[in-house]
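In mature numbering (1 follows the signal peptide of the UniProt record, and there is no 0), the protein residues as written are -29 to -1, 1 to 325.
Using N, Cα and C, we set each Cβ at its ideal position, and we do this for glycine too.
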């Protein structure tokens, strides 16, 4: 074979291989099925005493979700029967993940969650003691850790000669007042007195008189979604004041939170971190077990720093005291060593639904 014949044969071979490769491409492409959009259903409160609660959470959630997802929402009232029915409605279209916004919602919706096992992400404020939490199957939790934050904050308030605790009617039925009193005891502080008040129609003169008569040097206010006017009146009356839980947002008073490193409101930060967590998990198979496992193993960097999933399936964030000078890292309580005596939980409804 001459050199020219060899070159011609080589060109023919290359053309044949190219033709075969081109013919194979459609068959190979046919085997690659585009990944369908992940379906996420969200159950939100129909009404809440916290301003724009559902909208604020959804702003954070949608702002951080990555990838190809479809969202659907269902609204619910506070009663357990309503929560269970809302969960059934949300599960009717077989979502890959169900997100529930509100403390106690997982427990209230449990009958529906047992009927159709689906990965559940409970987005909670953390007003109830986590060691009393009864999750549903395949349920995990992202929280603002309000209970631990209140305990840790109250422990720092023990330096005051006395602390007076003001509690709204809404918050009186949940665990945050117990967290404050328990934290004060741990810091060897003094609870000078407690009082219930109506943030919508407070008698500030009477409250100030009660607090002065108690001898308290500091007032701690628990009034989720409200309390701004009362905090302002007490400060004008000469008291040092701090706020707990989700007491009126944007008050310039000390409060403890799962640290928010940006200017986002706490509820929006909760939604944002939930979206980051979901995005980190919905990259693989969309079977229930695969999604649950991916959430439990995900590494998340959110608005509150580096977040990790603990052995109980809770996405943990560091606690920080804000508004009292330089941000101060707080040590959460060891919940297993706390006695349940004095627990004030009493509401049958979910929090913060109205």
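Three-state class that DSSP yields for residue i in the structure shown
i, result
"residue 215", "strand"
"residue 296", "coil"
"residue 287", "strand"
"residue 16", "strand"
"residue 227", "strand"
"residue 108", "coil"
"residue 100", "coil"
"residue 153", "helix"
"residue 124", "helix"
"residue 93", "strand"
"residue 142", "helix"
"residue 196", "coil"
"residue 65", "coil"
"residue 175", "helix"
"residue 52", "helix"
"residue 273", "strand"
"residue 74", "strand"
"residue 133", "coil"
"residue 39", "coil"
"residue 85", "helix"
"residue 263", "helix"
"residue 183", "helix"
"residue 278", "strand"
Nearest-angstrom Cα separation, counted from residue j out to residue i
i, j, result
"residue 217", "residue 196", "6 Å"
"residue 309", "residue 41", "42 Å"
"residue 18", "residue 83", "22 Å"
"residue 21", "residue 323", "7 Å"
"residue 47", "residue 91", "16 Å"
"residue 274", "residue 229", "10 Å"
"residue 290", "residue 69", "27 Å"
"residue 111", "residue 292", "26 Å"
"residue 9", "residue 15", "19 Å"
"residue 248", "residue 279", "10 Å"
"residue 155", "residue 185", "16 Å"
"residue 12", "residue 81", "16 Å"
"residue 23", "residue 163", "34 Å"
"residue 51", "residue 211", "39 Å"
"residue 236", "residue 25", "13 Å"
"residue 96", "residue 160", "26 Å"
"residue 363", "residue 115", "This structure gives no information on residue 363, because the portion of the chain shown stretches from -29 to 325."
"residue 158", "residue 288", "23 Å"
"residue 276", "residue 182", "38 Å"
"residue 59", "residue 87", "9 Å"
"residue 254", "residue 318", "39 Å"
"residue 284", "residue 57", "24 Å"
"residue 75", "residue 213", "26 Å"
"residue 136", "residue 39", "47 Å"
Supposed contact pair residue j and residue i - C-beta distance, whole angstroms, cut 8 Å
i, j, result
"residue 33", "residue 66", "Not quite, the Cβ-Cβ distance comes to about 16 Å (not below 8 Å), so this is no contact."
"residue 30", "residue 239", "6 Å"
"residue 121", "residue 215", "5 Å"
"residue 55", "residue 79", "6 Å"
"residue 98", "residue 117", "5 Å"
"residue 225", "residue 294", "4 Å"
"residue 252", "residue 265", "4 Å"
"residue 85", "residue 107", "7 Å"
"residue 123", "residue 53", "Not really, about 34 Å apart at Cβ, beyond 8 Å."
Assigned exposure category for residue i - 16 Cβ within 10 Å defines buried
i, result
"residue 2", "Reliability of the predicted coordinates at residue 2 is poor, the pLDDT of 44 falling under 50, and no value is obtained from them."
"residue -7", "Legend: pLDDT at residue -7 = 44, less than 50; position of this residue unreliable, no value from coordinates given."
"residue 321", "buried"
"residue 7", "exposed"
"residue 77", "buried"
"residue 132", "exposed"
"residue 49", "buried"
"residue 286", "buried"
"residue 119", "buried"
"residue 27", "buried"
"residue 256", "exposed"
"residue 306", "exposed"
"residue 63", "exposed"
"residue 174", "exposed"
Original post:
Okay, do the segment 132 to 141 and the segment 161 to 181 touch, 3+ Cβ pairs below 8 Å being the bar?
Top reply: With the cut-off at 8 Å, the segment 132 to 141 and the segment 161 to 181 touch.
Original post:
Touching or not, the segment 204 to 215 and the segment 263 to 270, by the rule of three or more beta carbon pairs under 8 Å?
Top reply: Flag = no, the segment 204 to 215 and the segment 263 to 270 do not touch.
Original post:
Are there three or more Cβ pairs, one per stretch, closer than 8 Å when the segment 292 to 301 is compared with the segment 120 to 127?
Top reply: Enough Cβ pairs lie closer than 8 Å, so yes.
Original post:
Counting pairs of Cβ atoms below 8 Å between the segment 234 to 254 and the segment 32 to 49, do you hit three or more?
Top reply: These segments touch.
**OP:** Examine the Cβ distances between the segment 183 to 195 and the segment 244 to 263 and report whether three or more of them are shorter than 8 Å.
**Re:** Two segments are said to touch when three or more pairs of C-beta atoms, one from each, lie closer than 8 Å; by this definition the segment 183 to 195 does not touch the segment 244 to 263.
**OP:** Count the CB pairs spanning the segment 171 to 185 and the segment 148 to 159 that are closer than 8 Å, and state whether there are at least three.
**Re:** No: fewer than three Cβ pairs fall under 8 Å.
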